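Oh and the sequence shown: position 197 is 201 in our numbering, straight run, nothing missing. Built from N, CA and C at the ideal position, the CB exists for glycine as well. Nothing here was measured: the structure is a model prediction, and the numbers come from that model. Reading through the structure tokens given below for one structure.
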Amino acid sequence: MDHPWLGGNMSPSDGLNAGSSPRGGNRGSPFLLLAAALMIFAAIAGTALLLWRPTTLRIAVGPPGSDDQKLIQELAQSFANEGSPVRLTVLSTAGAVESVGLLGTGETDMAVVRADEEMPKGTGAVAILRKNVVVLWAPSGAARKDGKKASKSKIKEIGDLAGHRVGVVGRTPVNVTLLRVILTESGVNPDKVAVSQFSISQIAEMLRDPLIDAFMTVGPLDSRITTEAITSTARVRGEPTFLAIDVSEALAHKHPLYEAEEIPGSSFTSSPARPDDTVETVGVNHLIVAPRSLSDSAVGAFTRALFSVRPSLAREVPGALKIEKPDTDKDAAILAHPGAAAYIDGTERTFLDKYSDYIWGGILLLSVLGSGSAWLRHYLKRDERRLNTLHRDKLLDAIAQVRNIESMEQLDALQREADDILRETLQYFDDGAIEEGDLSAYSLVLEQFHHAVVDRRDVISGTAADLPRMRAR
5 MDHPWLGGNM SPSDGLNAGS SPRGGNRGSP FLLLAAALMI FAAIAGTALL
55 LWRPTTLRIA VGPPGSDDQK LIQELAQSFA NEGSPVRLTV LSTAGAVESV
105 GLLGTGETDM AVVRADEEMP KGTGAVAILR KNVVVLWAPS GAARKDGKKA
155 SKSKIKEIGD LAGHRVGVVG RTPVNVTLLR VILTESGVNP DKVAVSQFSI
205 SQIAEMLRDP LIDAFMTVGP LDSRITTEAI TSTARVRGEP TFLAIDVSEA
255 LAHKHPLYEA EEIPGSSFTS SPARPDDTVE TVGVNHLIVA PRSLSDSAVG
305 AFTRALFSVR PSLAREVPGA LKIEKPDTDK DAAILAHPGA AAYIDGTERT
355 FLDKYSDYIW GGILLLSVLG SGSAWLRHYL KRDERRLNTL HRDKLLDAIA
405 QVRNIESMEQ LDALQREADD ILRETLQYFD DGAIEEGDLS AYSLVLEQFH
455 HAVVDRRDVI SGTAADLPRM RAR
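Here is the structure:
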């Protein structure tokens, strides 16, 4: 006998086939969600790679073999060895003039220069490598080849240089410019002082030249070149007389690129002491500079890495201890690069400060994508939800119909169809088409259905047992 719930002559499998037909069109939805998730992951991974990969900066320094170049090369090696977020590519140049030129053409990111070099507009200081001081001295007079003493030098102070020739160590034009500033501020007409420039390798030749009456070097206090030049002067031309720059304070005030400095006694030799007392002079900084166009984050990262490795670097290159932070005052002669100033002043933006907008934007995007994917999934599963509701309603109707069934065969057919519906409902749940609450409601209906089936089986079994006794009567 056919029952209404089975749909007349349609078998349970026919009903299930009709109900499951929409599933084939929705199988692609998990792959769409997976593709979207992979795209999001790729975007996040790519962004992280860009943010955390090391920053590589080019730095120009020269001349080859100089203390500056050795220091920068060791610095680059230290960055690499310690896994610093900054890497350096060292560009070797003939000297500060060429380094400044590369900075102006954009062929380097940073350069090692002297503060009084003419630099491109907008160049900022990143670090002070060392302080150079001016050393001026005149020989006292040496014995002549015939054994007679030469006349002693009459140069006792800078004012005595008029009408004489000064030998300057180093062929950079800024040394001559600095000498002329010193002479002018000391009341000496620079045009009345002749100047001859010599390279480092020509110091011996300079000292033997009888036409040169005084000497000048510009370098750090512990400069080996200056010390050897002074020692050789004492041996070849007589004990040196150091010329004090008494106007150093006024000079520095008028020319902010220079600073008033002092040369302590015994700075060059201790026996005999040279100089024998403190000597006033002027100094000029040796800097690492960068254009303002170089990002603040890159310069800040370099400055932080530089001062982090300075203690360990000093074990390899003692000169690293001279590295100092630049002046961050707004009225400084050379303004600190904003990236370096932020690190020094403690106003450097943190990772969250820099990228919070991107992070929140990413979270918002993920939220939108999540909501969109949830809506899409809900939309694609609409047929499955409709069928699940239909099956649940059928089970509700079946609870009443079970009580009218007269045979075990009909109950078995009904039970098989209910089992098929249960299997498909669980598949809907696994696919995410229905929620856990829907599954709980279905379970409640199914439980009532099973109770009805069990009760009906008992009734049918009891009826079948009573038939033989009734016939016997």
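Near Pro67, what residues of its chain come up, given a Cβ to Cβ distance below 6 Å and the 5 sequence neighbours on each side ignored?
The answer, listed in chain order, is Ala98 and Gly99.
DSSP three-state label for Val313, please.
In this structure, Val313 counts as helix in the three-state DSSP scheme.
From the DSSP secondary-structure annotation, give me the bridge partner or partners of Leu75.
Note: Leu75 sits in no beta bridge, so no partner.
With a threshold of 8 Å on Cβ separation, who are the neighbours of Thr127 within its own chain once the five nearest residues in sequence on each side are excluded?
Cβ within range, chain order: Leu107, Val293, Ala294, Pro295, Arg296 and Ile338.
Mind checking His290: buried by the 16 CB within 10 Å criterion, or exposed?
Looking at its Cβ environment, which holds 16 or more other Cβ atoms inside 10 Å, His290 is buried.
Roughly how many whole angstroms lie between the Cα atoms of Glu440 and Gly350?
Their backbone Cα atoms lie some 53 Å apart in a straight line.
Inspect the beta-carbon positions of Lys135 and Ser144 and report whether they are closer than 8 Å.
Their beta carbons are not under 8 Å apart, which means Lys135 does not touch Ser144 by this criterion.
Can you list, in chain order, the residues of its chain whose CB lies under 7 Å from that of Glu86, leaving out five sequence neighbours each side?
Answer for Glu86: Val313, listed in chain order.
What does DSSP give as the partner residue(s) for Phe246 in the beta ladder?
For Phe246, which the question treats as bridged, DSSP gives the partners Trp141.
Looking at C-alpha atoms only, which residue of Val94, Ala254, Leu426 and Gln201 is the closest neighbour of Asp113?
Closest option to Asp113, Cα to Cα, is Val94.
Let's test the definition: count the other Cβ atoms within 10 Å of the Cβ of Gly28 and tell me whether it reaches 16, buried, or not, exposed.
The predicted model places Gly28 with a pLDDT of 44, which falls under 50 and marks its position as unreliable; any figure quoted below should be read in that light. It counts as exposed.
Could you round the C-beta distance between Pro268 and Thr245 to whole angstroms and report it? I think they count as a contact, below 8 Å.
Actually they do not touch by this definition, with Cβ atoms about 17 Å apart.
Ends of the alpha helix (DSSP H) at Glu209?
Counting along the chain, the alpha helix (DSSP H) containing Glu209 begins and ends at Ile207 to Arg212.
Asp71 and Gly323 - do their beta-carbons sit closer together than 8 Å?
Taking 8 Å as the Cβ cut-off, Gly323 and Asp71 qualify as a contacting pair.
Just to confirm my understanding: we take Arg308, look at its own chain, exclude 5 residues before and 5 after, and list those with CB closer than 6 Å. What are they?
Tyr347.
Can you grab the Cα-Cα spacing for the pair Arg475 / Arg461, in whole Å?
Caution is warranted here: a pLDDT of 48 is assigned to Arg475, below 50, making its placement in the model unreliable, and the coordinate value is therefore given only provisionally. Straight-line Cα distance between these residues: approximately 22 Å.
Taking a contact to mean a Cβ-Cβ separation below 8 Å, would you say Ala115 touches Ile63 in this structure?
Yes, these two residues count as a Cβ contact at 8 Å.
Tell me the rounded alpha-carbon separation between Thr176 and Val65.
Near 15 Å, if we compare the C-alpha coordinates of Val65 and Thr176.
Output the distance between the C-alpha atoms of Ser270 and Arg91, rounded to the nearest integer angstrom.
Going from the Cα of Ser270 to the Cα of Arg91 covers about 40 Å.
Please report how far the alpha carbon of Glu122 lies from the alpha carbon of Thr181, in whole angstroms.
Each residue's Cα considered, the two are about 12 Å apart.
Given this structure, state the Cα-to-Cα distance separating Met43 from Gly374, to the nearest angstrom.
Their backbone Cα atoms lie some 13 Å apart in a straight line.
Does the segment 206 to 213 come close enough to the segment 227 to 246 that 3 or more CB-CB pairs lie under 8 Å?
Flag = yes, the segment 227 to 246 and the segment 206 to 213 touch.
Only counting the same chain, and skipping five residues up and downstream in sequence, which positions put a Cβ closer than 8 Å to that of Leu415?
Correct list, in chain order: Val406, Ile409, Val457, Arg460, Arg461 and Ile464.
Report, in whole angstroms, the separation of the C-beta atoms of Leu399 and Phe453, which I expect to be a contact under 8 Å.
Confirmed, Cβ separation roughly 5 Å.
Let me make sure I understand the geometry here. Which of Ser88, Pro89 and Lys125 has the alpha-carbon closest to that of Gly105?
Among Ser88, Pro89 and Lys125, the Cα nearest to that of Gly105 is on Lys125.
Using C-beta distances below 8 Å, list every residue in its chain close to Gly466, excluding the 5 sequence neighbours before and after it, in chain order.
Hits under 8 Å: none found.
Can you give me the start and stop residues for the alpha helix (DSSP H) that Pro342 sits inside?
Pro342 to Asp349 is the extent of the alpha helix (DSSP H) around Pro342.
Cutting at 8 Å between CB atoms, please list the residues of its own chain near Ile159, excluding the five before and the five after it.
So the qualifying residues of the chain are Ala142, Leu165, His168, Asp217, Ala218, Thr245 and Leu247.
Looking only at C-alpha atoms, which of Val139, Leu450, Thr393 and Ile367 sits nearest to Leu225?
Out of Val139, Leu450, Thr393 and Ile367, Val139 has the C-alpha closest to the C-alpha of Leu225.
For Leu61, which beta-bridge partners are listed by DSSP?
DSSP, once it has assigned bridges, lists Leu92 as partnering Leu61.
State the DSSP-derived secondary structure class of Ala166, mapped to helix, strand or coil.
The answer is coil: DSSP assigns Ala166 none of H, G, I, E or B.
What does DSSP give as the partner residues of Arg118 in its beta bridges?
Answer is His290.
Would you kindly work out how many angstroms separate the C-alpha atoms of Thr285 and Val185, rounded to a whole number?
Approximately 13 Å, taken between the alpha carbons.
With 16 as the cutoff for other CB atoms within 10 Å, does Arg31 come out buried or exposed?
Unreliable placement is indicated for Arg31, whose pLDDT of 47 sits below 50; no coordinate value is reported for it.
By the 10 Å Cβ neighbour count, where 16 or more other Cβ atoms means buried, how is Thr237 classified, buried or exposed?
With 16 or more Cβ atoms within 10 Å of its Cβ, Thr237 is classed as buried.
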